[in-house]
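In what follows, a structure is listed as structure tokens, so that the remarks can point back to it.
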Amino acid sequence: VRWKIAAPLEFETIYATYFQHVCRWVRAFGCPAADVDDLTQEVFLVVRRKLDGFDGRNLPAWLYRISQRTVSDHRRRAWFRRILHRTHEELDTFASQDEGPSQALQRREALRIVESVLAKMSPRRRSAFVLFEVEGYTGEEIAELEQIPLNTVYTRLHHARRDFVTLVAQATGTAPEKHR
Amino acid sequence: LKRLLETEPGDRGTERAKELLALLPATDTSAARRARVRIALDERWKASQRGSWWFLRERPRYVQAALVVLLAGASAVAARTELTALWGQHAAERAAAPTSLVRPSLGGSREIAPEKPNSTEPSPAPVSSVAKLSAAPPVMAPAAQPKRPQRPQPRVHDAETERERAQVALVHEAAAALRRDGDPARAQALLEKAGATQSGPLEEEAFALKIEASLARLDGKAPRLGAEYLRRYPKGRYVELARRALRATGPR
Numbered sequence: 024v025r026w027k028i029a030a031p032l033e034f035e036t037i038y039a040t041y042f043q044h045v046c047r048w049v050r051a052f053g054c055p056a057a058d059v060d061d062l063t064q065e066v067f068l069v070v071r072r073k074l075d076g077f078d079g080r081n082l083p084a085w086l087y088r089i090s091q092r093t094v095s096d097h098r099r100r101a102w103f104r105r106i107l108h109r110t111h112e113e114l115d116t117f118a119s120q121d122e123g124p125s126q127a128l129q130r131r132e133a134l135r136i137v138e139s140v141l142a143k144m145s146p147r148r149r150s151a152f153v154l155f156e157v158e159g160y161t162g163e164e165i166a167e168l169e170q171i172p173l174n175t176v177y178t179r180l181h182h183a184r185r186d187f188v189t190l191v192a193q194a195t196g197t198a199p200e201k202h203r
Numbered sequence: 006l007k008r009l010l011e012t013e014p015g016d017r018g019t020e021r022a023k024e025l026l027a028l029l030p031a032t033d034t035s036a037a038r039r040a041r042v043r044i045a046l047d048e049r050w051k052a053s054q055r056g057s058w059w060f061l062r063e064r065p066r067y068v069q070a071a072l073v074v075l076l077a078g079a080s081a082v083a084a085r086t087e088l089t090a091l092w093g094q095h096a097a098e099r100a101a102a103p104t105s106l107v108r109p110s111l112g113g114s115r116e117i118a119p120e121k122p123n124s125t126e127p128s129p130a131p132v133s134s135v136a137k138l139s140a141a142p143p144v145m146a147p148a149a150q151p152k153r154p155q156r157p158q159p160r161v162h163d164a165e166t167e168r169e170r171a172q173v174a175l176v177h178e179a180a181a182a183l184r185r186d187g188d189p190a191r192a193q194a195l196l197e198k199a200g201a202t203q204s205g206p207l208e209e210e211a212f213a214l215k216i217e218a219s220l221a222r223l224d225g226k227a228p229r230l231g232a233e234y235l236r237r238y239p240k241g242r243y244v245e246l247a248r249r250a251l252r253a254t255g256p257r
């Protein structure tokens, strides 16, 4: 698997190797794009604090669990944060994409639909779906991270894909055809 | 398992889902983001390693400012407590003194706070005038007059409080001399000594006693005092007494 690193486990090596993965996992768990930096930082803070107590077995799964819990805590506190701070748009939203205003508006609207559809999916299916379809992970990698059988991953992906198509059809008004 | 975007073209719904999915970019894991997160992470790590008392070492000015604010707050609380105690004591004195002094003469039953009678001095005033005054109808009927709101309590220092206490005692003594001993001359002397018509917590009562003493002595000062009273206290409690003094004749 692409993220294996040799012992001894040092924070610097872990950070260099896993930064990109943690960013992706955090996003796959449903974290808003604007909070990915903060949550990645939070995950590595926990890693740095708990590294001495880590037994060294299956580092990616350990990091994956930490990311999962961190995002879960973040979501739990989100209602309180929403009261204190206004939601801020990501800077990427305003970045020039060499497109006209109407195209930019269409793209933003499409992205909003995708985000809302993903938010409606169950957490397990969503994380498997995003990791596989968007981030490019293989089924084996997801199985190792989740510590579940490969077939379970495929089952989740199958259901997630069906949910995604149905929810997109509902959101866009496209007539959904029955999936088997 | 193929990815959705790599599958063969399907129905309309699937194609629309594929279009939207293609818009979703992979997470940005650029070197810039990595460095940005790393800097913030190190800052937070340092902050978490500082311990509980790092603020004392690294921000002494803030600590000093906090101490100053705390001291100021404590001083304010202490001062307020002290003032409240003084205020309460003073208010109690004021509440006790005037009730015994200004009680109107209702049928001759004048209540005066216990006062040691000054039996050594003779009573120069004619008994008849005092008796006449005692028999006179009540002129200071508080029920007839609307109750005035209590005057605000003055904030006084200890010395001022002592002076006012002495004034109150003198006015008290003057009332006793006038009403109990029938000695208006002594009452006038005591009131002059007190200077209570100028200031003090019982200035209105002292003024009324002065008028009363003048009426008792028939020295002719009563009209002037009455006019002065009405000028100072147009709605005072002893307006009736002052009007009676205005009608009083000169010295006989």
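Note that the protein sequences, when read in sequence, are chains A and B.
Every number in my numbering is 23 more than the matching position in the first sequence, counting from 1.
Every number in my numbering is 5 more than the matching position in the second sequence, counting from 1.
Where a beta carbon is used, it is the ideal one built from N, C-alpha and C, also for glycine.
Checklist entry - Taking the alpha helix (DSSP H) that residue 141/A falls in, what are its first and last residues? => result The sequence position of residue 141/A within the first sequence is 118, counting from 1. Segment 124-143, the alpha helix (DSSP H) holding residue 141/A.
Checklist entry - Is residue 76/A helix, strand or coil by DSSP? => result Position 53 of the first sequence, counted from the first residue, corresponds to residue 76/A. In this structure, residue 76/A counts as helix in the three-state DSSP scheme.
Item to check | Three CB pairs or more closer than 8 Å across the segment 181-192 of chain A and the segment 90-97 of chain A | outcome: no
Checklist entry - Under three-state DSSP, which class holds residue 221/B? => result For the purposes of this step, residue 221/B is taken as the residue at position 216 of the second sequence. DSSP places residue 221/B in helix when its eight states are reduced to three.
Checklist entry - To the nearest angstrom, how far is it from the Cα of residue 89/A to the Cα of residue 182/A? => result Residue 89/A sits at position 66 when you count from the first residue of the first sequence. Residue 182/A sits at position 159 when you count from the first residue of the first sequence. If you take the alpha carbons of residue 89/A and residue 182/A, they lie about 26 Å apart.
Checklist entry - Can you check whether the CB of residue 246/B is closer than 8 Å to the CB of residue 228/B? => result Here residue 228/B is taken as the residue at index 223 of the second sequence, counted from 1. Here residue 246/B is taken as the residue at index 241 of the second sequence, counted from 1. Taking 8 Å as the Cβ cut-off, residue 228/B and residue 246/B do not qualify as a contacting pair.
Item to check | is_contact[residue 79/A, chain B] using C-beta, thresh 8 Å | outcome: Within the first sequence, residue 79/A is the residue found at index 56, counting from 1. By this cut-off, residue 79/A is not an interface position.
Next on the checklist: Quick check: the segment 144-163 of chain A against the segment 43-58 of chain A, are at least 3 beta-carbon pairs closer than 8 Å?
Outcome noted: yes
Next on the checklist: Can you give me the C-alpha to C-alpha distance between residue 24/B and residue 36/B, rounded to a whole angstrom?
Outcome noted: By one-based count along the second sequence, residue 24/B stands at place 19. By one-based count along the second sequence, residue 36/B stands at place 31. Roughly 29 Å separates the two Cα atoms.
Item to check | C-alpha distance - residue 253/B paired with residue 91/B, whole-angstrom precision | outcome: Numbered from 1 along the second sequence, position 248 holds the residue referred to as residue 253/B. Numbered from 1 along the second sequence, position 86 holds the residue referred to as residue 91/B. Spanning the two alpha carbons is a distance of roughly 43 Å.
Checklist entry - Would the beta-carbon of residue 207/B fall within 8 Å of that of residue 173/B? => result Mapped onto the second sequence, residue 207/B falls at position 202. Mapped onto the second sequence, residue 173/B falls at position 168. Closer than 8 Å, so yes.
Next on the checklist: Between residue 40/B and chain A, is any beta-carbon pair separated by less than 8 Å?
Outcome noted: Walking along the second sequence from the start, residue 40/B turns up at place 35. By this cut-off, residue 40/B is not an interface position.
Checklist entry - If you draw a straight line from the alpha carbon of residue 216/B to that of residue 230/B, how long is it in whole angstroms? => result What you label residue 216/B is simply residue 211 of the second sequence in a count that begins at 1. What you label residue 230/B is simply residue 225 of the second sequence in a count that begins at 1. Their backbone Cα atoms lie some 6 Å apart in a straight line.
Next on the checklist: Under 9 Å, CB to CB, which of the residues in the segment 55-73 of chain A have a partner in chain B?
Outcome noted: 56, 59, 60, 61, 63, 64, 65, 67, 68, 71 and 72
Checklist entry - Alpha carbon to alpha carbon, what distance is there between residue 38/B and residue 168/A? => result Translated into positions along the first sequence, residue 168/A becomes position 145. Translated into positions along the second sequence, residue 38/B becomes position 33. Each residue's alpha carbon lies about 24 Å from the other.
Checklist entry - Touching or not, the segment 10-23 of chain B and the segment 49-58 of chain B, by the rule of three or more beta carbon pairs under 8 Å? => result no
Next on the checklist: Looking at chain B, is there any beta carbon in it that lies within less than 8 Å of the beta carbon of residue 158/A?
Outcome noted: As a first step, residue 158/A must be located in the first sequence, where it is residue number 135. Yes, its Cβ sits closer than 8 Å to a Cβ of chain B.
Item to check | N- and C-terminal bounds of the alpha helix (DSSP H) containing residue 55/A | outcome: Counting from 1 along the first sequence, the entry for residue 55/A is found at position 32. Premise fails: residue 55/A is in no alpha helix (DSSP H) and is neither H nor E.
Checklist entry - Helix or strand or just coil, what does DSSP make of residue 174/A? => result Here residue 174/A refers to the residue found at position 151 when the first sequence is read from its first residue. Residue 174/A: helix per DSSP, three-state reduction.
Checklist entry - Cα separation between residue 64/A and residue 84/B? => result Along the first sequence, read from residue 1 onward, the residue named residue 64/A stands at position 41. Along the second sequence, read from residue 1 onward, the residue named residue 84/B stands at position 79. Answer to the nearest angstrom: the Cα atoms are 51 Å apart.
Item to check | Proximal residues of chain B, C-beta to C-beta of residue 136/A below 7 Å | outcome: For the purposes of this step, residue 136/A is identified with residue 113 of the first sequence, where counting begins at 1. Near residue 136/A (Cβ distances below 7 Å), the residues of chain B are 25.
Checklist entry - residue 43/A touches chain B at which residues, Cβ-Cβ below 7 Å? => result In the first sequence, residue 43/A corresponds to position 20, counting from 1. By Cβ distance, chain B contributes 34.
Checklist entry - Excluding the five sequence neighbours on either side, which residues of its own chain have a C-beta within less than 8 Å of the C-beta of residue 196/B, listed in chain order? => result Taking the second sequence and counting its residues from 1, the one referred to as residue 196/B is at position 191. Only 175, 176, 179, 202, 211, 214, 215 and 218 meet the Cβ criterion.
Next on the checklist: If we define contact as Cβ-Cβ less than 8 Å, is residue 188/A a contact residue for chain B?
Outcome noted: Within the first sequence, residue 188/A is the residue found at index 165, counting from 1. Output row for residue 188/A: interface = yes.
Checklist entry - Does the Cβ of residue 67/B have 16 or more other Cβ atoms within 10 Å, making it buried, or fewer, making it exposed? => result Taking the second sequence and counting its residues from 1, the one referred to as residue 67/B is at position 62. Classification of residue 67/B: exposed, given that the 10 Å Cβ count is below 16.
Checklist entry - Helix, strand or coil: how does DSSP classify residue 161/A here? => result The residue given as residue 161/A occupies position 138 in the first sequence. Correct three-state label for residue 161/A: coil.
Checklist entry - CB-CB under 6 Å to residue 101/B, same chain, minus the five flanking residues each way: which ones, in chain order? => result For the purposes of this step, residue 101/B is identified with residue 96 of the second sequence, where counting begins at 1. Excluding residues within five positions, none has a Cβ falling inside 6 Å.
Item to check | Interfacial residues, the segment 7-25 of chain B to chain A, with Cβ spacing under 7 Å | outcome: 8, 9, 16, 17, 18, 19, 21, 22 and 25
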